Structures are given as structure tokens and as C-alpha cells.
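Undergrad: Heads up: the sequence lines are chains L and E, in that order.
Take 1 as the starting number for the first sequence in our numbering and just add one per residue.
Take 269 as the starting number for the second sequence in our numbering and just add one per residue.
The C-beta atom is built at its ideal place from N, Cα and C for all residues, glycine as well.
Bear in mind the structure is a predicted one, so any value in this text is a computation, not a measurement.
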Amino acid sequence: MVPQNLTSNVYLVHLILSKCGLHTLLLSPLPNVKYFDLSFNQLQIINMDVFVNLVSLEILTLTHNPLTVLQNGDSQLKQWSLLRVDFSYTNLRDFGSEPLSHFPVVRSLNLSHTKLRAIGPSGFRHVPMLTDVDLSDSPVQTFPENVFSGLTRLQRVVTDNYKLCCPDVLPDDFKERNCQAPRNELSSCQDLLRSEGYRVFLWLIYVCAVTGNIVCLAFRFRLQKHASKSAFNTFVSSLCIADFLMGVISPSLALLTSRFKVATPATS
Amino acid sequence: LIWLHSATCKVAGFLSLVSSEVSALIILLITLDRFLVLRFPFSSARFGNRTAMAACVVVWAGGFLLATVPLLPVTSHWQFYSQTGICIPLSVTRQEFEGRAYATGVLIIFNFVLFLLIAAGQAFIYWSVQQNAMTAGASTRKTQDTTIARRLITVAVTDFLCWFPIGMCGLLALAGVPIPGETSVAMAIFVLPLNSALNPFLYTFNIIMERRTKRKEKRMLKELEASIKQTDSGHTLSITSA
């Protein structure tokens, strides 16, 4: 089935085309559709202009599509009703708000569970009414420093990158606890130098624990060959092995911890 | 959170618990060994090579047993290795979780008892060394005394610094005092490895250094003796060597 065939259904309000195996989208004007579900299809490239003609559209769901590219054409029309867009579980690698520039009233954007690594230089500038952004389980690494600037209505941000929750990045009157991100114990938003020094110090301890115990163990073994085998020697060798193990485990624990520790709400 | 229950986290937490418990138990054994040597210098009640090996095996087995209990099929519903958001099992949060009693028992009470035993042992060793030194020659007493005291105090203090905050936080958490989540993380990634990094210095490197200085002192003494013999061969001079 091709969505083009829906021309006659002018009074359609709910349109669910989930799991239809759609590869391309060609839409005829459907002036009354408010809810449009395109989840679980095979859409890879979407030109957002196709939705401009759905003048009543409020909720658009594109979840679970192998979507990699979002485009916008040169349509001059604006669509003044779209509130929610769901891009979750897609293959988007980068995101810029240009493709949404024809939808100036978008409030909620779901970009969770994508492969999103970078937010483009335009940030969320083209969707100034944004209140809610979900970037959870998306590996966002790079984003412009002013990514949220101008979003005066922003109320909630969910992300895995704690840097997106730094006060410098968020709008001025944004309450910090509405930004949910894993807190990274080895780094912080400010005072980068201090945290760098702290990190170096930690690695020094780890290296010390590993090499110190190896050297200690070697020394003990040599001692055991030459001198008499004493109980003290056996004990200290054993202690060296245990401490060496700790030295090897600790960095991985630190990495696990710093990568995954989830911020607990400030209520406790 | 899926990762918390993941195998990586469990393995890391398991190994870290094994290592920290074995480390504490071995320090206790070392203290016991020295205690026996000092308290019963002529008795046969001490660790030979065989018994030392056996004790180590027992300690390692005990460490593995302690860490394995939360992973048994019966206790698999416990959130032992995943309660604080870090994989390391530290009982410093107030929130209830399955297996909390076990965590408290092992991580606070057991470790606290270990610490008390070690501290008592070290105190006794220090005391007996002082007693022995009283009867020995007065000139050598002071140097010997200070080196041994320094060594033991460093052992006791570092052990105290590493275990006290953990036990204290645990007790406070049990009493209902809120502990910030950062503390537990700091302990996991800072305090425990610090102890591991310091132990070789406390038990091996200091001995190497002492030997080196002793050797140097001996050599200097010999040179001095030789030079004195050469310069005034007429007089008789006696030098007492330490």
C-alpha cells in the first residue's frame, strides 16, 4: 500500500501505518490527520517537507525505522500544529534542527535509543518552543556549546552525557534537577584543571598498585630462592597477588562507574 | 538499568571484593605471625612454610566464598553487586535492597572486626618490642625502637585510613544518616586501590630500604675502623658496632 492512495479520506484523524514495510513516503494532503504513526517501517531517508501538507498533524511517530538522513526541501510553508516528534530507535547519527524548521511549534522531541553522536551547529535553534528533549541511550559526544540557548521554555532534558546538563550549556532559568544525566565522578562541568589533576592522581595510584605489586612479587620470589622460606614471605607474596588484582580491577571499575552512574534525584 | 546486572559488573565487583577481603585477611595473618614470634619466641606455635601455605589457601578460599555467596542460585535475586549504582559492593546507602543484611555483615561488621584484631595485634607488637628493647642495650634501643615503631605505625595508620571511612559510612548509613552517593564512588575508585598501592611499600620496599641503609652504615663503620687503625696504630680504640 502506498499512502498516496489515501486521497479520498479527507476526514481521517488517526492514521496508523505501523509495520507496513514502507520504504518511501509520498503523501497527498490529509488536512485533518492529527496523529500519524509510521513506526516499524523501512524508512531510511525522510524529507520532512512531506508532513508540511498535514496541516493538523500534532503527533508524529517515526520510531523503529532504519532512518539515517533527515532532509528538508525548499518549501516556504510552515506547519503550525506539530507538537511531538518521535525519532527513537532510529539510526540517526547526527541531528540538526534545520529539517524541523518548517515546524516552529514542536514542543517535544524524542531522540532516545538512536546512534546519535553529534548535534549539529544549529542545535535546537529552529524549534524555539521546545520543552522536552529525550536523548537517553544515545551516545551524544559532540554538541555546540550553545545547543540549548534561546530555548526559554525548556523544562526537561534526559541524556547520557553529563556535559549536556552543565549550567553553562542549559538556558539560564533552567532548573538543574530537570536535567537527568549520569553524573561522572571523575570529571565535572567546571574546574577542569582540578579534575584533570585528580584523574592523573587516580591513574598514578592504579599504576603504582600494579607495578609496585609486580616488583614486590618478583623481589619475594628471588628472596624465596636464596634465603630460607619463611612464613612472612609467603604471606606477603599472597598479599601482593591480592593487591595486584585490585590494581588491575580498579581502573575498569572506575570507568564503569564514571560511564554509567545515574544521577539520583535530589529528593533523598 | 541493564548494565548493572550485566556480567562485566558482576565480575568486576566479585574480583574487587575477593581482593579486598583477601588483602585484609592476609594482613591479619602477618600480624598474627609476628605476634606469635614475639609472644612465644621459643615455642613451636608458629607458621612454618607448610602451614603458611595452607593458611593462604584458606584465606583465598574464604575470600572467594564470601564473594560467591551473593551469586549462588539461592541468592541470585540479591542486588548485592548492583545496589549503589557502582559494581563494587559497599554498604553505604540507606536504601533497602535484597541481601542488605549480608552486605552489612560482611562489609561492615566483618571488616570492622578484622580491623580491630589487626590494630590490637600491632599495638601488642609495639608494646612487646618496647619491653624487649628495655632489657637490651640502651644505646641500640632507641634506633631499633623508632624504626620498628615507625614501620608498625605506618601499617596501622594506612589500614585505619582505608577501612575506617568505609566502616564509618556504613554504620552511619545503618543509623539513617544520609550519605551522598559520591562518597561510595570515591571509596570504590580511590580508597581501596590506594591501600593496594601502599601495601608493597609497607611490607617490602621499606625492608629493602632498611637493608640498604644498614649495609651502608656497616660499610662506613668498616672504613672508619680501618682509617682509625691506620692513623693511630699506637693507641687502642674500641668501636662498638651496632
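Output needed for Ser136/L: all residues of its chain with C-beta closer than 7 Å, excluding positions within five of it in sequence on either side, in chain order.
TA: Closer than 7 Å at Cβ, skipping near neighbours: Ser112, Val158, Thr159 and Asp160.
Undergrad: Cβ of Pro144/L within 8 Å of Cβ of Ile119/L?
TA: Contact: yes.
Undergrad: Roughly how many angstroms separate the alpha carbons of Thr211/L and Asn474/E, rounded to a whole number?
TA: Roughly 16 Å separates the two Cα atoms.
Undergrad: First and last residue of the beta strand (DSSP E) that includes Ser108/L?
TA: Start and end: Ser108 to Asn110.
Undergrad: Hey, does Ser311/E have any beta-carbon neighbour from chain L nearer than 8 Å?
TA: Taking Cβ atoms only, chain L never reaches closer than 8 Å to Ser311/E, which makes this a no.
Undergrad: My assumption, with CB atoms under 8 Å, is that Val397/E sits in contact with Pro433/E. Please give the rounded CB distance.
TA: Val397/E to Pro433/E, Cβ: 29 Å. No contact.
Undergrad: Report the neighbours of Tyr206/L on chain E: residues whose CB is nearer than 7 Å to its CB, in chain order.
TA: Here the neighbours are Pro461.
Undergrad: Apart from the five residues just before and just after Thr63/L, which ones in its own chain have a Cβ nearer than 6 Å to its Cβ?
TA: Contacts found: Ser39, Asp86, Ser88 and Tyr89.
Undergrad: By how many angstroms is the C-alpha of Gly330/E removed from the C-alpha of Tyr471/E?
TA: Those two C-alpha atoms are separated by around 23 Å.
Undergrad: Using the beta-carbon count (16 or more within 10 Å), is Thr61/L buried or exposed?
TA: Thr61/L should be labelled buried.
Undergrad: Which of the three DSSP states, helix, strand or coil, is assigned to Asn463/E?
TA: Helix, per DSSP.
Undergrad: Considering only the alpha carbon of each residue, which of Ser56/L, Leu100/L, Thr68/L and Ile59/L lies closest to Gln76/L?
TA: Among Ser56/L, Leu100/L, Thr68/L and Ile59/L, the Cα nearest to that of Gln76/L is on Leu100/L.
Undergrad: Does DSSP classify Val512/E as helix, strand or coil?
TA: As displayed, chain E neither begins before 269 nor continues past 510, which places residue 512/E out of reach and without an answer.
Undergrad: First and last residue of the beta strand (DSSP E) that includes Gln71/L?
TA: That run of the beta strand (DSSP E) goes Val69 to Gln71.
Undergrad: Between which two residues does the alpha helix (DSSP H) carrying Val105/L extend?
TA: No alpha helix (DSSP H) holds Val105/L; DSSP gives it neither H nor E.
Undergrad: Can you check which of these residues, Thr372/E, Phe315/E and Glu493/E, is closest to Leu442/E by C-alpha distance?
TA: Looking at the Cα atoms, Thr372/E is the closest of the given residues.
Undergrad: Suppose contacts are defined by Cβ-Cβ distances below 8 Å. Is Cys20/L in contact with Asn47/L by that definition?
TA: Contact flag unset, no.
Undergrad: Counting only C-beta atoms, is Thr234/L closer than 8 Å to chain E at any point?
TA: Interface residue, yes.
Undergrad: Just the Cα atoms here: how many angstroms apart are Ala494/E and Glu478/E?
TA: Using only the alpha carbons, I get a separation of about 24 Å.
Undergrad: Below 8 Å on the Cβ atoms is my contact criterion, and I expect Tyr162/L with Pro182/L to pass it. Report the Cβ-Cβ distance as a whole number of Å.
TA: Indeed, because the Cβ distance is near 6 Å, the residues count as touching under 8 Å.
Undergrad: Sort Ser237/L, Phe148/L and Cys179/L by Cα distance to Pro171/L and report the nearest one.
TA: Pro171/L has its Cα closest to that of Phe148/L, out of Ser237/L, Phe148/L and Cys179/L.
Undergrad: Taking the straight line between their C-alpha atoms, what separation do you get for Phe315/E and Thr299/E?
TA: When rounded, the distance between both Cα atoms is 12 Å.
Undergrad: Could you please tell me which residues of the stretch 236-252 of chain L, in chain order, have their CB closer than 7 Å to any CB of chain E?
TA: Per Cβ criterion, the list reads Val236, Ser238, Leu239, Cys240, Ala242, Asp243, Leu245, Met246, Gly247, Ile249, Ser250 and Ser252.
Undergrad: Is the CB of Ala181/L under 8 Å away from at least one CB in chain E?
TA: By this cut-off, Ala181/L is not an interface position.
Undergrad: Measure the C-alpha to C-alpha separation of Arg483/E and Ser291/E and round it to an integer number of angstroms.
TA: Distance between the alpha carbons of Arg483/E and Ser291/E: 31 Å.
Undergrad: Whose C-alpha, out of Gly281/E, Leu306/E and Ala323/E, is nearest the C-alpha of Leu334/E?
TA: Among Gly281/E, Leu306/E and Ala323/E, the Cα nearest to that of Leu334/E is on Gly281/E.
Undergrad: Cutting at 7 Å between CB atoms, please list the residues of its own chain near Val33/L, excluding the five before and the five after it.
TA: Answer for Val33/L: Leu12, Val13, Leu15, Leu54, Ser56 and Leu57, listed in chain order.
Undergrad: Counting only beta-carbon separations shorter than 8 Å, does Met477/E have a partner in chain L?
TA: Judged by the 8 Å Cβ criterion, Met477/E is not in contact with chain L.
Undergrad: Might you give, ordered along the chain, the residues of its own chain that have their beta carbon closer than 8 Å to the beta carbon of Phe124/L, omitting 5 neighbours on each side?
TA: Cβ within range, chain order: Ser97, Leu109, Leu130, Val133, Val147, Phe148 and Leu151.
Undergrad: On a Cα-Cα basis, can you pick out the residue from Phe303/E, Ala275/E, Leu466/E and Leu492/E that is closest to Leu429/E?
TA: The shortest Cα separation from Leu429/E among Phe303/E, Ala275/E, Leu466/E and Leu492/E belongs to Leu466/E.
Undergrad: Measuring only the C-alpha atoms, how far is Phe380/E from Lys115/L?
TA: Taking the straight line joining both Cα atoms gives about 47 Å.
Undergrad: Throw me the rounded Cβ distance for the Arg302/E and Ile393/E pair, which I believe falls under 8 Å.
TA: That belief holds up - the Cβ atoms of Arg302/E and Ile393/E are roughly 5 Å apart, short of 8 Å.
Undergrad: If we count the other Cβ atoms within 10 Å of its Cβ and call it buried at 16 or more, is Pro468/E buried or exposed?
TA: By the 10 Å Cβ count, Pro468/E comes out buried.
Undergrad: With 16 as the cutoff for other CB atoms within 10 Å, does Leu193/L come out buried or exposed?
TA: Legend: pLDDT at Leu193/L = 36, less than 50; position of this residue unreliable, value from coordinates given subsequently. That one is exposed.
Undergrad: Under a CB-based cut-off of 8 Å, is Thr426/E close to chain L?
TA: By this cut-off, Thr426/E is not an interface position.
Undergrad: In three-state terms, what does DSSP make of Phe282/E?
TA: DSSP places Phe282/E in helix when its eight states are reduced to three.
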